Amino acid sequence: MENDCKHTLKGCTAIVTGASRGIGKSIALKLASLGANLVLNYRSSSKEIELVVQKAIEMKVEAIAVQGDVSDFQQSKNIIQKAKDIFGSIDILVNNAGVTKDNLILRMKEEDFDKVININLKGAFNCIKHVAPIMLKQRKGKIINIASVVGIVGNAGQVNYAASKAGVIAMTKSIAKELGSKGINVNAIAPGFVETDMTEVLSDKVKESTLNNIPLKRFGMPEDIAEVVAFLASSSSNYVTGQVINVDGGMVM
Ligand code: NAP
Numbered sequence: 000m001e002n003d004c005k006h007t008l009k010g011c012t013a014i015v016t017g018a019s020r021g022i023g024k025s026i027a028l029k030l031a032s033l034g035a036n037l038v039l040n041y042r043s044s045s046k047e048i049e050l051v052v053q054k055a056i057e058m059k060v061e062a063i064a065v066q067g068d069v070s071d072f073q074q075s076k077n078i079i080q081k082a083k084d085i086f087g088s089i090d091i092l093v094n095n096a097g098v099t100k101d102n103l104i105l106r107m108k109e110e111d112f113d114k115v116i117n118i119n120l121k122g123a124f125n126c127i128k129h130v131a132p133i134m135l136k137q138r139k140g141k142i143i144n145i146a147s148v149v150g151i152v153g154n155a156g157q158v159n160y161a162a163s164k165a166g167v168i169a170m171t172k173s174i175a176k177e178l179g180s181k182g183i184n185v186n187a188i189a190p191g192f193v194e195t196d197m198t199e200v201l202s203d204k205v206k207e208s209t210l211n212n213i214p215l216k217r218f219g220m221p222e223d224i225a226e227v228v229a230f231l232a233s234s235s236s237n238y239v240t241g242q243v244i245n246v247d248g249g250m251v252m
């Protein structure tokens, strides 16, 4: 029986890139809790991804791990193709894989600019490029891109990262316009400061000044982002496309 991904995600197939840790792991487990079968991408954390796969299987869904660097066009194609070969359809794509390589413009190396753009922006393009024909054929699909509030307001020391996330936001809106008439919703989430390995490395001074600017007076948890992904992945958001939802405790408004 074909599932229409209504009310629950039972029987739907979701791909989550960068699912070995942090926000991606939390998204994967939230989608599993709603019944989605999972294709979980990672780049190098093979032990961690196996634990996520195991946890998902314990929730009575099917889950596989697929290694691949999303910045590589061919490897992205392999990730999407594997999902299609194993599960037959792809209902949800979450472009979550991302990195930072912070520095002020005067000190930023060209390779650090290229690396962040290639993973965060081109990686999302690569996966959408390969999933779009499949979703078009199905005449349905949900694409959710994890951007950042930094892509909206900018951030000193993150020229590369902010540019990549601004690009993700513009790409989200453009693809939403291209694919809307074919039953495909494309949205972005812009997290604020979320407690993961990515933010762990920041100094106490940066953390303190960030917290001062968060009206809800706490940092985000990966689960805060996963809840909004679940909404955008479900039929509850069928009339929402081309949007950027800030999940940031009110930091940017
Ligand atoms: P994280 O804990 O550092 O995890 C990053 C994930 O991305 C890992 O699973 C990693 O895989 C994967 N990854 C990195 N490069 C990859 C590549 N080339 N191909 C495939 N996978 C790759 O980061 P996070 O904090 O959870 O961030 C997740 C997303 O949220 C990112 O897009 C980030 O920009 C965005 N975001 C985070 C925050 C925050 O405050 N944390 C705020 C705004 C937006 P491996 O483990 O195998 O390396």
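Heads up, the sequence shown is in numbering that gives the first Met the number 0, so the first residue is 0 and it goes up one at a time.
Just so you know, even glycine gets a beta-carbon here, dropped at the ideal spot from N, CA and C.
Since the model is a prediction, treat every value here as computed from it, not as a measurement.
Problem set entry | Sheet register partners of Val65 (DSSP bridge) | Beta-bridge partners of Val65 (DSSP): Asn40.
Exercise. Got a sec? Which residues, its chain only, sit under 7 angstroms from Asp196 by beta carbon, not counting five neighbours each side?
Worked result: Within its own chain, the residues whose Cβ lies closer than 7 angstroms to the Cβ of Asp196, once the five positions on either side in sequence are excluded, are Arg20, Gly21, listed in chain order.
Problem set entry | Residue interval of the beta strand (DSSP E) (run including Val246) | Where Val246 is concerned, the enclosing beta strand (DSSP E) stretches over 243 to 246.
For this session: May I ask whether a heavy atom of ligand 1 can be found less than 7 angstroms away from the beta carbon of Thr171?
Result: Result no, Cβ not under 7 angstroms from ligand 1.
Exercise. CB of Asp68 to nearest heavy atom of ligand 1: below 7 angstroms?
Worked result: Within the cutoff, so yes.
Exercise. So, using beta-carbon positions, are Cys126 and Val167 closer together than 8 angstroms?
Worked result: For Cys126 and Val167, no; Cβs fall outside 8 angstroms.
Exercise. Three or more C-beta pairs closer than 8 angstroms, one from the stretch 198 to 208 and one from the stretch 139 to 146: is that the case here?
Worked result: These segments do not touch.
For this session: Starting from the N-terminal side, write out each stretch of the beta strand (DSSP E) that is 3 residues or longer and does not extend beyond the stretch 162 to 203.
Result: Correct list: 183 to 190.
Problem set entry | Minimum C-alpha distance to Asn159 - residue among Ile188, Leu120, Lys141 | That would be Leu120, whose Cα lies nearest to the Cα of Asn159.
Problem set entry | DSSP-derived helix/strand/coil call for Glu109 | Of the three classes helix, strand and coil, the one that applies to Glu109 here is helix, per DSSP.
Problem set entry | Segment limits, alpha helix (DSSP H) that includes Leu135 | That run of the alpha helix (DSSP H) goes 122 to 137.
Exercise. Can the beta-carbon of Val115 be found closer than 8 angstroms to that of Ala13?
Worked result: Cβ atoms of Val115 and Ala13: not closer than 8 angstroms.
Exercise. Of the choices Ala27, Leu33, Ala18, Val15, whose alpha-carbon is the least far from that of Lys9?
Worked result: Closest option to Lys9, Cα to Cα, is Leu33.
Exercise. The beta strand (DSSP E) with Ile91 in it runs from where to where?
Worked result: Unbroken beta strand (DSSP E) run through Ile91: 91 to 94.
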